[in-house]
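K.L.:
First, the structure itself, so that you have it in front of you.
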Amino acid sequence: MISFELKTGSQQALIDVTQQAQRAVGQSGVEAGVCTLYVPHTTAALTVNEVADPAVREDVLEALRRLVPADLGYHHLEGNAQAHVQAALVGGSVQLPLEAGQLCLGTWQAIFFCEFDGPRTRQVWLSVVPGA
Amino acid sequence: MISFELKTGSQQALIDVTQQAQRAVGQSGVEAGVCTLYVPHTTAALTVNEVADPAVREDVLEALRRLVPADLGYHHLEGNAQAHVQAALVGGSVQLPLEAGQLCLGTWQAIFFCEFDGPRTRQVWLSVVPGA
Amino acid sequence: MISFELKTGSQQALIDVTQQAQRAVGQSGVEAGVCTLYVPHTTAALTVNEVADPAVREDVLEALRRLVPADLGYHHLEGNAQAHVQAALVGGSVQLPLEAGQLCLGTWQAIFFCEFDGPRTRQVWLSVVPGA
Chain A
5 MISFELKTGS QQALIDVTQQ AQRAVGQSGV EAGVCTLYVP HTTAALTVNE
55 VADPAVREDV LEALRRLVPA DLGYHHLEGN AQAHVQAALV GGSVQLPLEA
105 GQLCLGTWQA IFFCEFDGPR TRQVWLSVVP GA
Chain B
5 MISFELKTGS QQALIDVTQQ AQRAVGQSGV EAGVCTLYVP HTTAALTVNE
55 VADPAVREDV LEALRRLVPA DLGYHHLEGN AQAHVQAALV GGSVQLPLEA
105 GQLCLGTWQA IFFCEFDGPR TRQVWLSVVP GA
Chain C
5 MISFELKTGS QQALIDVTQQ AQRAVGQSGV EAGVCTLYVP HTTAALTVNE
55 VADPAVREDV LEALRRLVPA DLGYHHLEGN AQAHVQAALV GGSVQLPLEA
105 GQLCLGTWQA IFFCEFDGPR TRQVWLSVVP GA
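Chains A, B and C supply the protein sequences, listed in that same order.
The numbering used here applies: residue 5 is where the first sequence begins, and numbers increase by one.
The numbering used here applies: residue 5 is where the second sequence begins, and numbers increase by one.
The numbering used here applies: residue 5 is where the third sequence begins, and numbers increase by one.
Right, here's the structure in full:
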C-alpha cells in the first residue's frame, strides 16, 4: 500500500488529486491493471468528475448540501452528521484502469478528494494490482 | 484494458450491458479474480440492480431526477449539470467477482450503463485482475 | 471467491460485517493487495463509515429514507422500490487495501452491510487479489 497526504483548506471542497495519485502509481512499478484509491476517513470521499470547468465541482457540492442539510436534528452530536451522510452517498473509494504505468482517465476527468468536514490533514491510500 | 462501445438512444436511460461485459471478460482469458468496469465520461455512470422488472430502472431514473432536478440555477452553463451530479451520486465504476471465466451476479442482477446526458456514443473500459 | 452469510433482523439496518470480512480474507491466504466485497442482492448495499457512535448509522438510514420515501407512486409493484433506489445510491460493493493479511481501515471505520428490505438471509461475496 502506498499513501499520500493532503491538507484541505475549507469546510467542504472537491480537490483534484490526480497528480498525487499518478505519482503514487509510478512508485508501485505496476504497468497494467487496476488502481484502487481509498480514504481512511468517515467524513470524506473520492469521486471522478469533470475538471475543465470548476463550476461542476461547485454544483456537486451545492447539490450534496441541498440533499443533506447541515442541521436536521441528527442523532450524532459531533456536528458533522451531514459529512458522514454525504460520504455514504459519494463513496470512499474509486477504481481506475492502469495502462503503461498511467492511470486511464477520460478526456474531461480528474480524481477528486471530497472534503466534507474540513479543513483537515487527510490521507489517501492506494493499492495497485497487476492485470489485463 | 479492454473496451466496448454503446450508443444510447435517449436523454436518460439505464441500459443492460451485462452481455458486452461478459464478452470482454472472455477476451481477457482470466478465469478467477475481479472485473472492474469504468466509464471515461463525466455525465454517465455504472450500477448493478434488478433486471427482471424494467419498472425498477424507471424508478431509479425518476428518483434521480427528483433528487437532482434538471434546472436549479446551476453554475455549470452547458445545460448538463444535472447529469454531472447524478454521475457523482451513482458512481462511475462497478466491481464484480469472476469465477470460471464468468462474471458473478446475483439471481436478479444485471450491470447497467446509466446515461444521464444522451443520446451519445459511449465507451466502457474493463480491467480484469486474477485473484482468489 | 469466498462468501459469508448473515441474517438481518429488521427492515432497514446497517450491520457491521468487518469481522466476517476479515475472517474470509484470512481464508484467501493473500497478504497484500485489494479485497472486493460484493452483495448479490438488489435491495441491499455495502458502505464504510464510522463505527464508534451508532448514531451515525441511524443518521445515514434516516437520511436515505428522507431522500427516498417508502411510498412515492413507484412503478415497481413489489413494495420495495425504495430499497432498489437506496441500493443504487449507496452501491453494492466496497474495496479495501490489504496489508499483512489484514483489511486496512481508518481508525473510526467499519464495513457495514446495508439492509434496505429485510429481514432476510443475505450473502456477501469476497474476491481478494494480490498486489502492491
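Ideal Cβ placement from N, Cα and C applies to all residues, glycine included.
Since this is a predicted model, take the numbers as computed values, not measurements.
#1: Give me the residue from C:Ala17, C:Thr125, C:Asp57 and C:Trp112 with the minimum Cα distance to Tyr78 of chain A.
#2: Any beta carbon of chain C sitting closer than 8 Å to that of Gly13 of chain B?
#3: Under 8 Å: do the stretch 98 to 107 of chain A and the stretch 35 to 50 of chain A share three or more Cβ pairs, one atom per stretch?
#4: Ala92 of chain C and Val64 of chain B - do their beta-carbons sit closer together than 8 Å?
#5: Output yes if chain C places a C-beta closer than 8 Å to the C-beta of Gly95 of chain A; else output no.
#6: List the residues of chain B that Asn53 of chain A touches, going by C-beta distances under 7 Å, in chain order.
#7: Answer with yes or no whether the minimum CB distance from Val43 of chain A to chain B is below 8 Å.
#8: At a Cβ threshold of 8 Å, is Gln99 of chain C touching chain A?
#9: Between Arg124 of chain C and Glu35 of chain A, what straight-line distance do the alpha-carbon atoms span, to the nearest angstrom?
#10: Within the chosen definition, does the stretch 80 to 91 of chain C reach the stretch 104 to 115 of chain B through at least 3 CB pairs nearer than 8 Å?
#11: Short of 6 Å in beta carbon distance, which residues of its chain neighbour Val52 of chain A, apart from the five on each side in sequence? Order them along the chain.
#12: Classify Arg61 of chain C as buried or exposed, calling it buried when 16 or more other Cβ atoms lie within 10 Å of its own Cβ.
#13: Using beta carbons (cut-off 8 Å, strictly below), is Leu71 of chain C in contact with chain B?
#14: On the DSSP bridge assignment, give the partners of Cys39 of chain C in chain order.
#15: Quickly, what does DSSP pair Ala92 of chain A with across the bridge? List them, please.
#16: Take Glu119 of chain C as the anchor and find which of C:Leu50, C:Ala136, C:Gly135 and C:Ser7 has the nearest alpha-carbon.
#17: So with CB distances below 9 Å, who are the chain B contacts of Ala85 of chain C?
#18: On the criterion of 16 or more Cβ atoms from any shown chain inside 10 Å, does Pro134 of chain B qualify as buried, or is it exposed?
#19: Using the beta-carbon of each residue, which ones in chain B are nearer than 7 Å to Pro134 of chain C?
#20: Mind checking whether Phe117 of chain B and Ile19 of chain B have CB atoms under 8 Å apart?
P.N.:
Quick look at the numbers:
#1: Looking up residue 78 of chain A in the first sequence gives position 74. Per the Cα distances, C:Asp57.
#2: Taking the first residue of the second sequence as position 1, residue 13 of chain B is located at position 9. So, not an interface residue.
#3: yes
#4: In the second sequence, the residue the question calls residue 64 of chain B occupies position 60. In the third sequence, the residue the question calls residue 92 of chain C occupies position 88. Closer than 8 Å, so yes.
#5: Translated into the one-based positions of the first sequence, residue 95 of chain A becomes position 91. It does: the Cβ of Gly95 of chain A has a partner Cβ on chain C nearer than 8 Å.
#6: As a working note, residue 53 of chain A is residue 49 in the first sequence. The answer, in chain order, is Thr46, His88, Ala91 and Ala92.
#7: Counted from its first residue, the first sequence places residue 43 of chain A at position 39. Taking Cβ atoms only, chain B never reaches closer than 8 Å to Val43 of chain A, which makes this a no.
#8: On the third sequence, position 95 is the one that residue 99 of chain C refers to. Yes - at least one Cβ of chain A is within 8 Å of the one on Gln99 of chain C.
#9: Position 120 of the third sequence, counting from 1, holds the residue named residue 124 of chain C. Position 31 of the first sequence, counting from 1, holds the residue named residue 35 of chain A. Straight-line Cα distance between these residues: approximately 43 Å.
#10: no
#11: The residue given as residue 52 of chain A occupies position 48 in the first sequence. Only Val98, Gln113 and Ile115 meet the Cβ criterion.
#12: Taking the first residue of the third sequence as position 1, residue 61 of chain C is located at position 57. Flag for Arg61 of chain C reads buried.
#13: In the third sequence, residue 71 of chain C corresponds to position 67, counting from 1. For Leu71 of chain C, the answer is yes, since a Cβ of chain B falls inside 8 Å of its Cβ.
#14: Taking the third sequence and counting its residues from 1, the one referred to as residue 39 of chain C is at position 35. Answer is C:Leu100 and C:Val132.
#15: Your numbering for residue 92 of chain A matches position 88 in the first sequence. Its beta-bridge partners do not exist; DSSP assigns none.
#16: What you label residue 119 of chain C is simply residue 115 of the third sequence in a count that begins at 1. Here the closest residue by C-alpha is C:Leu50.
#17: By one-based count along the third sequence, residue 85 of chain C stands at place 81. Per Cβ cutoff of 9 Å: Ala59, Val60, Asp63, Val64 and Ala67.
#18: Along the second sequence, read from residue 1 onward, the residue named residue 134 of chain B stands at position 130. The residue is buried, with at least 16 neighbouring Cβ atoms inside 10 Å.
#19: Against the third sequence, residue 134 of chain C aligns to sequence position 130. Those within 7 Å of Pro134 of chain C in chain B are Gly135.
#20: The count along the second sequence starts at 1 and reaches residue 117 of chain B at position 113. The count along the second sequence starts at 1 and reaches residue 19 of chain B at position 15. Yes.
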